[in-house]
Every structure is written in C-alpha cells, then in structure tokens.
Amino acid sequence: MTQDELKDAVAAAAIDEVRPMLGKDIVIGVGTGSTANFFIDRLAALRGDFRGAVASSEASAKRLKDHGIDLYELNEVGTLPIYVDGADEVNAHLHMIKGGGAALTREKIVAACSTTFICIADASKRVARLGDFPLPIEVIPMARSYVAREMVKLGADPVYREGVVTDNGNQIIDCYGLEIDDAVALERQINAIVGVVTNGLFAARPADVLLLGSTEGVSRQLPA
C-alpha cells in the first residue's frame, strides 16, 4: 500500500469510529494535514448525520465548507464530543508531536475542548521516543530570537521556518535534536518561555485512541 492508501485506510477506520457518536446536534472537531484531509473527504458522505464541524485551521475549514459541511466557531459550541486529527509522531502513551502544517495552536485548543481525541496516522509516525521529527514552536514574532536562544539551552537546534505565518499571525521555530523522554514536563517547560504561544508536544492532553494504518491493516490502540 502507498502512504496515501494507508492514510485513506485510517480515515475510513475513523469514520467507523465516529459514526456511532454522531447525531443531529453533534459538532465534531476536525484537524489539519494530509491524513485529516482524507478524513474530511470521507466525512462528507455523512454530513446529514451531524450538525457541523469546528476546524483547526483555515485550510481545513475551506475543505469542510467545499464539502457542504456547516462550520462553527469553538466559542459557539464549547465542548466537543469528538476530535479527529493526525500526528507527525506518536508514541505508546499516545503523546504526539504535531505542527508540521503550522496549525498546532488551534489544534491544541480544539483537542483541549474535546472529550475524545482520535489520532489517525500511518505506521511511519509511530515511534519509541519522540524527537526525530523537529518540534515546532509557535512564537510571537518579536520573541523569535529569544525563544530560539532559550531552546538552545535545552539542547535543541532551532531553525526559523522562513516564509510561514500561522493562521494566528505568528511564526514557527522548528527544534531539531531533542531527545524527549518526559514529554509532559518538556511541554510545560517550553510553554513557560516568554513569547511562546504553544509548542507541538501534545502530551499533557494526549490522544485517547490511535488508529494506525500499516500494510497489515488498521490497528486500534489505547494509551500504554
């Protein structure tokens, strides 16, 4: 199977996962990225079975709207029963690195407001230890150099993601070379740096379910 076929397979599995939770008053959270796009495309067939969606990025909002799915602001709906999104890396605890698509802040907000977070990923994203994928940090523009210097103190090699402006008007630093053994502690430590909006560690609020696609099929995993 190609990587796109694996992504589509986990998207199909996610549809099976969320279908029993849908209802006319249900608004679901939808993430950002290539795997989330496959989910959105499959979700379109069910648009009459739920009220609408909250999107974690402008790109996902456009894709949902193009499929005729009603969009809501998170402030309108409060708690969401379901959030479906991908990951750049995920470990056995279902801690993740996210933010390759620069939507990490809105993704983290939607995840925090969701009862069940379903992560969909292909097998290449499953790792024993987080950190091979560079950790993104969204920063206030004037704080970019300061945050980068602070990350050097933590053992990272920070690189400014040139030409990228987030949906929130901020910038991204990608931090290479981190060996992340305590993801929860590091997430909090980085978020405490002045000028950081948030970082791409999703450990304080991990996924509740991982649907992982491989050549053997899609497995359903819970946190270790």
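Just so we're aligned, residue 147 is where the sequence shown starts under my numbering, counting upward by one.
Quick reminder that beta carbons are idealized off the backbone N, C-alpha and C, glycines included.
Note that the structure is predicted; figures quoted are calculated from it, not measured.
Residue nearest to residue i in terms of C-alpha spacing, selected from the options
{"i": "residue 181", "options": "244, 285, 316 and 344", "result": "244"}
{"i": "residue 352", "options": "203, 217 and 330", "result": "330"}
{"i": "residue 159", "options": "210, 231 and 179", "result": "231"}
{"i": "residue 166", "options": "187, 195 and 298", "result": "195"}
{"i": "residue 283", "options": "259, 339 and 237", "result": "339"}
{"i": "residue 270", "options": "234, 307, 161 and 308", "result": "234"}
{"i": "residue 356", "options": "337, 296 and 273", "result": "273"}
{"i": "residue 162", "options": "150, 185, 149 and 259", "result": "185"}
{"i": "residue 260", "options": "308, 220, 309 and 267", "result": "220"}
Same chain, Cβ closer than 6 Å to residue i, neighbours up to 5 away in sequence not counted
{"i": "residue 262", "result": "228 and 354"}
{"i": "residue 241", "result": "329, 349 and 352"}
{"i": "residue 155", "result": "359 and 364"}
{"i": "residue 218", "result": "173, 198 and 200"}
{"i": "residue 289", "result": "341"}
{"i": "residue 164", "result": "228"}
{"i": "residue 322", "result": "280 and 303"}
{"i": "residue 249", "result": "178, 202 and 203"}
{"i": "residue 206", "result": "176 and 178"}
Residue i versus residue j: straight-line alpha-carbon distance, rounded
{"i": "residue 286", "j": "residue 246", "result": "18 Å"}
{"i": "residue 346", "j": "residue 193", "result": "30 Å"}
{"i": "residue 341", "j": "residue 362", "result": "44 Å"}
{"i": "residue 172", "j": "residue 226", "result": "8 Å"}
{"i": "residue 191", "j": "residue 202", "result": "20 Å"}
{"i": "residue 176", "j": "residue 366", "result": "19 Å"}
{"i": "residue 311", "j": "residue 199", "result": "24 Å"}
{"i": "residue 298", "j": "residue 316", "result": "20 Å"}
{"i": "residue 212", "j": "residue 169", "result": "21 Å"}
{"i": "residue 256", "j": "residue 147", "result": "31 Å"}
{"i": "residue 320", "j": "residue 294", "result": "9 Å"}
{"i": "residue 87", "j": "residue 252", "result": "This structure leaves residue 87 out entirely; the chain is present only between 147 and 370."}
{"i": "residue 318", "j": "residue 337", "result": "14 Å"}
{"i": "residue 187", "j": "residue 157", "result": "9 Å"}
{"i": "residue 306", "j": "residue 264", "result": "30 Å"}
{"i": "residue 308", "j": "residue 266", "result": "28 Å"}
Burial state of residue i, where buried means 16 or more other Cβ atoms lie within 10 Å
{"i": "residue 304", "result": "buried"}
{"i": "residue 280", "result": "buried"}
{"i": "residue 395", "result": "Since the displayed the chain opens at 147 and closes at 370, residue 395 lies outside it and no answer follows."}
{"i": "residue 216", "result": "exposed"}
{"i": "residue 179", "result": "buried"}
{"i": "residue 291", "result": "exposed"}
{"i": "residue 333", "result": "buried"}
{"i": "residue 296", "result": "buried"}
Contacts around residue i, its chain only, beta-carbon distance under 7 Å, and the 5 residues preceding and following it disregarded
{"i": "residue 183", "result": "209"}
{"i": "residue 324", "result": "277, 281, 301 and 302"}
{"i": "residue 254", "result": "344 and 348"}
Sequence-distant residues of the same chain with beta carbon closer than 8 Å to residue i, five excluded per side
{"i": "residue 204", "result": "313"}
{"i": "residue 214", "result": "190 and 193"}
{"i": "residue 275", "result": "237, 325, 326 and 327"}
{"i": "residue 239", "result": "329, 349, 352, 369 and 370"}
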